[in-house]
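So the structure is just underneath, and the comments pick up after that.
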Amino acid sequence: LLRYLDEAIAGPAVARTLPYERAVENMMIAMEGDFTGAGYRMVMNQDEARRDAMRDAMLAQFRRLNDYLEWRNPDGTYLFDRFGLAEAVFTPMFVRFAFLDYYEGFELPPGADYDRVRRWREACLAHEAAQQVSAEEVVKVYYDYARGAGNGALLPDRTRSSFVFEPDWRERPWPPKDKYRPAASDAVLGLA
Numbered sequence: 001l002l003r004y005l006d007e008a009i010a011g012p013a014v015a016r017t018l019p020y021e022r023a024v025e026n027m028m029i030a031m032e033g034d035f036t037g038a039g040y041r042m043v044m045n046q047d048e049a050r051r052d053a054m055r056d057a058m059l060a061q062f063r064r065l066n067d068y069l070e071w072r073n074p075d076g077t078y079l080f081d082r083f084g085l086a087e088a089v090f091t092p093m094f095v096r097f098a099f100l101d102y103y104e105g106f107e108l109p110p111g112a113d114y115d116r117v118r119r120w121r122e123a124c125l126a127h128e129a130a131q132q133v134s135a136e137e138v139v140k141v142y143y144d145y146a147r148g149a150g151n152g153a154l155l156p157d158r159t160r161s162s163f164v165f166e167p168d169w170r171e172r173p174w175p176p177k178d179k180y181r182p183a184a185s186d187a188v189l190g191l192a
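Take the sequence shown: its position 96, counting from 1, is numbered 96 in the working numbering, and each next residue is one higher.
This is the structure in structure tokens:
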């Protein structure tokens with residue numbers, strides 16, 4: 001869909017136009033599925049004993065991206081010289097993964113294994129295209145995911161999903177951070 005929009009909408013191309021660069025970009029984009037899967041498995045995990053394994057799997061995905069960026073553009077900010085299609089693919093995940101920071105206390109450790117991908121992620125999150133959704137909105141809306149119920153599924157003893165549009169997320173309190181303790185009620189979440 002992103003490629004179609006890039007070609008159909010007037011304006012400068014987002015995707016690389018040179019065949020070699022397009023191949024490099026596509027190889028990085030191919031990593032998005034494993035990256036996204038690791039993040040969603042981590043946030044939806046309900047077994048506290050598996051928390052470290054989930055963290056390690058997420059860090060492995062970040063190291064993989066770091067290695068790729070080091071190979072292609074070690075001193076740059078983006079994969080190439082500007083925000084492109086790879087950034088358009090990964091940035092929504094970087095935005096959503098605010099739920100990992102909040103519910104799992106996840107952060108990239110310091111060091112060379114993560115320095116390049118950290119610089120890339122920070123630039124992607126600072127880009128104007130990433131300002132439509134805040135970390136606060138993600139955390140409040142994805143509470144049910146952190147409790148193991150995705151896509152609007154209802155948790156036991158709840159009558160409303162954290163994905164509802166009303167009440168607006170801005171009017172809701174921050175949900176409890178500790179997802180491994182008893183779940184919050186609709187009232188505690190500001191949904192009642």
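Just so you know, even glycine gets a beta-carbon here, dropped at the ideal spot from N, CA and C.
Same chain, Cβ closer than 8 Å to residue i, neighbours up to 5 away in sequence not counted
i          : result
residue 85 : 2, 3, 6, 14, 15, 16, 25, 29
residue 77 : 119, 120, 123
Rounded C-alpha distance that separates residue i from residue j
i           : j           : result
residue 75  : residue 119 : 10 Å
residue 160 : residue 143 : 12 Å
residue 166 : residue 63  : 39 Å
residue 162 : residue 81  : 39 Å
residue 34  : residue 111 : 23 Å
residue 48  : residue 174 : 22 Å
Exposure label - residue i; buried when at least 16 CB within 10 Å
i           : result
residue 46  : exposed
residue 182 : exposed
residue 107 : exposed
residue 66  : buried
Cβ neighbours of residue i in the same chain (closer than 6 Å, five flanking residues each side left out)
i           : result
residue 38  : 57, 58, 61
residue 127 : 83
Proximity to residue i [Cα-Cα], best of the options
i           : options          : result
residue 20  : 41, 55, 72       : 72
residue 90  : 49, 112, 117     : 117
residue 96  : 66, 130, 79      : 130
residue 31  : 68, 41, 18       : 68
residue 98  : 145, 191, 149    : 145
residue 104 : 171, 51, 12, 158 : 51
residue 133 : 191, 42, 93, 53  : 93
residue 151 : 101, 177, 40     : 40
Extent of the continuous alpha helix (DSSP H) run through residue i
i           : result
residue 85  : 85-96
residue 138 : 135-141
residue 20  : 19-29
residue 117 : 112-126
residue 150 : Element bounds for residue 150: n/a, residue is neither H nor E.
Neighbourhood of residue i by C-beta distance below 7 Å, restricted to the same chain and skipping five residues each side
i           : result
residue 169 : 137, 140, 141
residue 147 : 155, 179, 183
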